[in-house]
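Peer 1: Here's a structure for you.
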């Protein structure tokens with residue numbers, strides 16, 4: 053029986069594939085899907101069974117928007133990269149109705165300041181959408197002269 057799912061929307065500047073999706077069965081760990089993504093794209097990671105949280109952060113650090121679900125308890129956890137691409141934002145917005153089916157919705161936000169890495173947590177689809185839009189605008193604002 054299906055336990056949950058892992059979805060990764062790669063940074064299209066690095067990986068051309070639109071999306072990676074894999075169901076997680078009852079006797080499996082979410083990290084198995086992250087490992088498969090790493091192997092298919094020659095990223096070189098070797099995650100342990102207990103590292104699905106770290107694997108989600110690692111993918112976000114590389115620029116790949118991703119999330120995992122625990123369907124039996126209604127949990128949806130996003131991992132947001134510091135910059136969100138147009139494709140990643142479009143995917144998020146086009147799946148909002150699917151995301152609303154979950155009762156507990158949160159996101160881990162990855163950000164880098166100088167050489168330090170920080171993570172924050174936010175909750176609720178609107179707060180997450182706001183962060184996605186804000187992170188998508190980062191590149192566009194750099195080109196504007198004010």
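Numbering (our numbering), first residue to last: 53 to 198.
Glycine residues also receive a C-beta, built at the ideal position from the N, C-alpha and C atoms.
Since we're looking at a predicted model, the values are computed, not measured.
Do residue 158 and residue 178 have their CB atoms nearer than 8 Å?
Peer 2: Not a contact, by the Cβ cut-off of 8 Å.
Peer 1: For a test of the three-state rule: what should DSSP assign to residue 67, helix, strand or coil?
Peer 2: Residue 67: coil per DSSP, three-state reduction.
Peer 1: For residue 140, collect the residues of the same chain with a Cβ closer than 6 Å to its Cβ; drop the 5 residues on either side in sequence, then sort them by chain order.
Peer 2: For residue 140, where only same-chain residues beyond five positions count, the Cβ hits under 6 Å are 61, 117.
Peer 1: Suppose you measure from the CA of residue 104 to the CA of residue 162; what does that come to, to the nearest Å?
Peer 2: Roughly 15 Å between the two C-alpha positions.
Peer 1: Which residue's Cα is closest to the Cα of residue 58: 147, 125, 82?
Peer 2: The candidate whose alpha carbon is nearest that of residue 58 is 82.
Peer 1: Since residue 109 sits in a beta bridge, which residues does DSSP pair it with?
Peer 2: Bridge partners of residue 109: none, in fact.
Peer 1: Relative to the C-alpha of residue 80, which candidate in 71, 53, 176 has its C-alpha closest?
Peer 2: Among 71, 53, 176, the Cα nearest to that of residue 80 is on 53.
Peer 1: Enumerate, from N- to C-terminal direction, the unbroken beta strand (DSSP E) stretches of 3 or more residues contained entirely within the stretch 132 to 184.
Peer 2: Taking only runs of at least 3 residues, the beta strand (DSSP E) segments lying wholly in the stretch 132 to 184 are 156 to 165, 168 to 175.
Peer 1: According to DSSP, which residues form a beta bridge with residue 74?
Peer 2: The partner list for residue 74 (beta bridge, DSSP) reads 58.
Peer 1: Since residue 119 sits in a beta bridge, which residues does DSSP pair it with?
Peer 2: According to DSSP, residue 119 bridges with 59, 130.
Peer 1: Taking all protein chains shown into account, do 16 or more other C-beta atoms lie within 10 angstroms of the C-beta of residue 186, making it buried, or fewer, making it exposed?
Peer 2: Label assigned to residue 186: exposed.
Peer 1: Under the three-state reduction of DSSP, which class applies to residue 102: helix, strand or coil?
Peer 2: In this structure, residue 102 counts as coil in the three-state DSSP scheme.
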